[in-house]
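Engineer: The sequence shown maps to residues 4 to 97 in the numbering used here.
Glycine is no exception: its CB is placed at the ideal position from the N, C-alpha and C atoms.
In this text the structure is predicted, and so the values were computed from the model without any measurement.
Before anything else, here's the structure in question.
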Amino acid sequence: TQEGILSLFSKDIWCDVSDRYPGHPQSIDAILKIDEDTVLTGSSDGLVRAVQLLPNSLLGVLGGHDGFPVEALGWSAGRKMVGSVSHDEYIRLW
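See the structure below:
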């Protein structure tokens, strides 16, 4: 959300949020699924974070774009690296 809250929905129940995970200081602009329990988030504060879902916990910060908002996250071919794109005009590979 724009408030930095990661909202979780239950399968086939889209009318209401089933769980909320606060913890990002600014808006979440990109999400990338790692596995069934883990996602990466890209935020307006320029950081890429690893977040575990249910139980909710921040696993750590993967890296950042020096304060520029992260606009997109994606896998490389073969899922060996993750790329992030930001307003700093760089594609960073992790």
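(1) Beta-carbon within less than 6 Å of L76's beta-carbon, same chain only, minus the 5 sequence neighbours each way: which residues are those?
(2) Taking the alpha carbon of Y93 as the point to measure from, which residue in P72, L61 and G81 has its own alpha carbon closest?
(3) I'd like to know whether the C-beta atoms of D22 and L11 end up nearer to each other than 8 Å.
(4) Determine which residues share a DSSP beta bridge with K36 and list them.
(5) Does the Cβ-Cβ distance between G66 and A53 come in under 8 Å?
(6) Is it buried or exposed, G49, if we count other Cβ atoms within 10 angstroms and call 16 or more buried?
Structural biologist: Reading from the atomic positions:
(1) If you ignore the 5 residues before and after L76, its C-beta comes within less than 6 Å of the C-beta of A33, L35, L43, G45 and S87, all in its own chain and listed in chain order.
(2) It is P72 whose Cα lies nearest to the Cα of Y93.
(3) Yes, these two residues count as a Cβ contact at 8 Å.
(4) DSSP output for K36 lists V42 as bridge partner(s).
(5) No, the pair does not count as a contact, with Cβ atoms beyond the cut-off.
(6) Around the beta carbon of G49, 16 or more other beta carbons lie within 10 angstroms, which makes this residue buried.
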